[in-house]
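Chains as they are written, first to last, in my numbering: chain P, 1 to 472; chain H, 1 to 313.
Cβ atoms here follow ideal geometry from the backbone N, Cα and C, with glycine treated the same way.
Keep in mind it's a predicted model, so treat the numbers as computed, not measured.
These notes are about the structure you will find just below.
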């Protein structure tokens, strides 16, 4: 499948785009052999420092590197300003939506979002009804996935409002680029991303429970060293200078969550958890969870701990809710959404289902609750048999799926054996919410390394690039 | 402030690094014996396995004490939890778990040792390569030790790491002596036959002390001197006394830092006092084997007490 896509560096029509001009000049002066060498250096650095991730279901390669491409993805200052306005608006709406859904549910009364969609949704936690998190913030850390179609068209692909991952790659990619090509950063003014851990720490400290005395104690909760994103959990804890804890380290002591230290139990005020809702508290959610802390939900309801992100935020980034985001943004901010949504067919609706089945070979079909690129069908890239099989799954449980047109995601060149070659990319900027909204200038650019592929997920053979926002 | 689980990870990370190296040292000593004395080679390999605490597991798998079998079992067999490969893997898993407590240099040296050994031990070792493999294991663990000592802050993280190193090392030295205690007994060794000489050298070699012994004692091997060196010498880095000097010191640091003494402090100090006051004659008079068995028991108890007193679990 070949889609005529917009290339962010070298669009076919207009030639080299402005944001890339300084980089292009530098690139033309480089010896290709040296660049290949640098590419290998980068891989060595990643392997040595252990920046690996685990792929589920692959025993042999239990620790793999996410491939890194040395050609940066470059965004101009102007483009970035536009994006951040759209993202801020969206993030405000997401938090307002969550507060509303767990309290007065005005958006449901107004009939803008169907009641069933909430009530019957697994991501909706009845335990959160009437609970107001410290500082009123629900999603403290958000990764908004954005795709680009043309010079001026940006769309939000997904709002990751639960526990978005990948920020450590944003930081390590920059670190690696600065090690490999220090001269580039002298020539080109790129806005820094390095202070993300400090911002995250300040942001978490700002939403501490009201009764916290003195500086809050913050910890990162990980499922453990066998989790696929463990590297990132350790990395963030380390960079923030806070403890990296597991469920087995924690228990409820005197109405607070406390961690077992060599000197006894010490109270925790803010928990940045990288454990899913359902594993958080075996007394409230999955009783078989060994990853959580029995009783933490009681502490939370009493206002004695901040959990970031709040339990139940998944209802805001659910793929079925996604299609209502334009209405949601308008309902809470009073303005049209600056960043558009990709047109989405909800297969739960008979008309849509009919359309989707008829056009299955043109559409991308996703599971409502899926993530990581698992369980999806890219129609144009699938065989006839794959389409037929998927259609059966679709008919068996329509409400489990949504469909979107196959978009020609923009491309950005990667370095291959035969020189530069365009590959499809997306962008995940990271947003921090406390008493303010902060967006680090940059993000994670994921790139589909296979020629023509539109799936950028690292679990499906995607790679990453350093993302530059120019200080221009 | 340190999590109990992190202290546990640091402790075991260092025990396993120490163990990975000790296995190489034991195989090295066995190899030397087997090369110089073909007749009783299988006996020698049997005592190597006993010192490694792996004899029972080995005999379940093999019927024949050949160099190739023993080296394979002690160095690369991942079904043997104490083999060099298993040890380095366990050490790395612990290091991964406590990564935020380690300097970048320390973590990278462990990760690189794991990568190098995994590659090297992926296939059965050719007999001709065995010396190279043993050298490489010692080199990798030396690099870990170097980056650890060179870059780690001397705080509680360092203390718990050192406790792991010295508890493991004391256990290892005591076991090596206990397996061979009979060749050190006066009744049979007073004569100093050439067989005894080999045995004695083998003991010293398994703790990498065959050269330094000569700097401290006479050029001739004497069983009482060997025992004295491995048990009571304060400057010999693998002696029991040396290990307990540091165990007591690091426990004291922790006690002072936290302002609290525990059962482990008393246990370590008791052993240290006993070693300091003792003479090698007293130990032989009371029975070398009984002494070593008691020491191993107390050392194990110290490990358990440390885990309990500092809330490892």
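{"Item": "Where does residue 424 of chain P sit, in a helix, a strand or coil, going by DSSP?", "Value": "strand"}
{"Item": "Using C-beta distances below 7 Å, list every residue in its chain close to residue 52 of chain H, excluding the 5 sequence neighbours before and after it, in chain order.", "Value": "23, 26, 74, 82"}
{"Item": "Verify the CB distance criterion: does residue 172 of chain P have a CB-CB separation below 8 Å to chain H?", "Value": "no"}
{"Item": "When you compare only the Cα positions, how much space is there between residue 167 of chain P and residue 445 of chain P?", "Value": "10 Å"}
{"Item": "Exposed or buried, residue 8 of chain P, counting other C-beta atoms within 10 Å across all chains shown (16 or more means buried)?", "Value": "buried"}
{"Item": "In angstroms, rounded to a whole number, what distance separates the CA positions of residue 185 of chain H and residue 223 of chain H?", "Value": "7 Å"}
{"Item": "Here's the rule I'm using: 16 or more other beta-carbon atoms within 10 Å means buried, otherwise exposed. How should residue 339 of chain P be labelled?", "Value": "buried"}
{"Item": "Mind listing, in chain order, the continuous alpha helix (DSSP H) runs of no fewer than 4 residues lying wholly within the region 193 to 244 of chain P?", "Value": "196 to 206, 230 to 240"}
{"Item": "Which residues of chain H have a Cβ atom closer than 7 Å to the Cβ of residue 243 of chain P, listed in chain order?", "Value": "3"}
{"Item": "Compare the C-beta of residue 97 of chain H against all C-beta atoms of chain P and say whether one is closer than 8 Å.", "Value": "yes"}
{"Item": "Which bits of chain P does residue 258 of chain H rub up against, with CB to CB less than 9 Å?", "Value": "262, 263"}
{"Item": "Listing by chain order, which chain H residues have their CB less than 8 Å from the CB of residue 266 of chain P?", "Value": "1"}
{"Item": "Have a look at the DSSP bridge pairing and note the partners of residue 287 of chain P.", "Value": "Beta-bridge pairing links residue 287 of chain P to no other residue."}
{"Item": "In chain order, what residues of the region 229 to 259 of chain P put their CB closer than 8 Å to some CB of chain H?", "Value": "230, 234, 237, 238, 243, 244, 245, 246, 248, 249, 259"}
{"Item": "Tell whether a beta-carbon distance below 8 Å holds between residue 316 of chain P and residue 159 of chain P.", "Value": "yes"}
{"Item": "Strictly by DSSP, which residues pair up with residue 367 of chain P?", "Value": "P:401"}
{"Item": "State the CB to CB distance for the pair residue 299 of chain H and residue 48 of chain P, rounded to an integer number of angstroms; the pair is presumed to be in contact (CB under 8 Å).", "Value": "With 8 Å as the limit, residue 299 of chain H and residue 48 of chain P do not qualify as a contact, their Cβ atoms being about 36 Å apart."}
{"Item": "Which residues in chain H have a C-beta closer than 9 Å to the C-beta of residue 48 of chain P? List them in chain order.", "Value": "108, 111, 112, 115"}
{"Item": "Report yes or no: do the region 9 to 22 of chain H and the region 81 to 88 of chain P share at least 3 C-beta pairs separated by less than 8 Å?", "Value": "no"}
{"Item": "Give the single residue among P:382, P:241, P:442 whose Cα lies nearest to the Cα of residue 169 of chain P.", "Value": "P:442"}
{"Item": "Quick test of your reading: residue 232 of chain H and residue 170 of chain H, contact by CB under 8 Å. State the CB separation rounded to the nearest angstrom.", "Value": "That pair is no contact at about 13 Å."}
{"Item": "Let's test the definition: count the other Cβ atoms within 10 Å of the Cβ of residue 43 of chain P and tell me whether it reaches 16, buried, or not, exposed.", "Value": "exposed"}
{"Item": "Are the region 204 to 219 of chain H and the region 255 to 272 of chain H touching by the rule of at least three beta carbon pairs closer than 8 Å?", "Value": "no"}
{"Item": "Residue 69 of chain H bridges to which residues according to DSSP?", "Value": "Partner(s): none; residue 69 of chain H has no beta bridge."}
{"Item": "State the beta-bridge partners of residue 412 of chain P as determined by DSSP.", "Value": "P:423"}
{"Item": "At what residue ranges does the region 117 to 189 of chain P contain a whole run of the alpha helix (DSSP H), taking only runs of 4 or more?", "Value": "167 to 180, 182 to 187"}
{"Item": "In chain H, which residues lie less than 7 Å from residue 225 of chain P when you measure between Cβ atoms?", "Value": "93, 96, 97"}
{"Item": "What is the residue span of the beta strand (DSSP E) that residue 260 of chain P lies within?", "Value": "256 to 261"}
{"Item": "Going by alpha carbons, who is nearest to residue 175 of chain P out of P:309, P:129, P:465?", "Value": "P:465"}
{"Item": "What would DSSP say about residue 14 of chain P, mapped onto helix, strand or coil?", "Value": "coil"}
{"Item": "Roughly how many angstroms separate the alpha carbons of residue 229 of chain P and residue 165 of chain P, rounded to a whole number?", "Value": "7 Å"}
{"Item": "Taking 8 Å as the CB-CB limit, is residue 78 of chain H close to chain P?", "Value": "no"}
{"Item": "Is any beta-carbon of chain P found at less than 8 Å from that of residue 89 of chain H?", "Value": "no"}
{"Item": "Does DSSP put residue 223 of chain H in a helix, in a strand, or in coil?", "Value": "helix"}
{"Item": "Return yes when the Cβ of residue 159 of chain H is within less than 8 Å of the Cβ of residue 253 of chain H, no when it is not.", "Value": "yes"}
{"Item": "For residue 353 of chain P, which residues of its own chain have a beta-carbon under 6 Å away from its beta-carbon, when the five flanking residues on both sides are left out?", "Value": "347, 398"}
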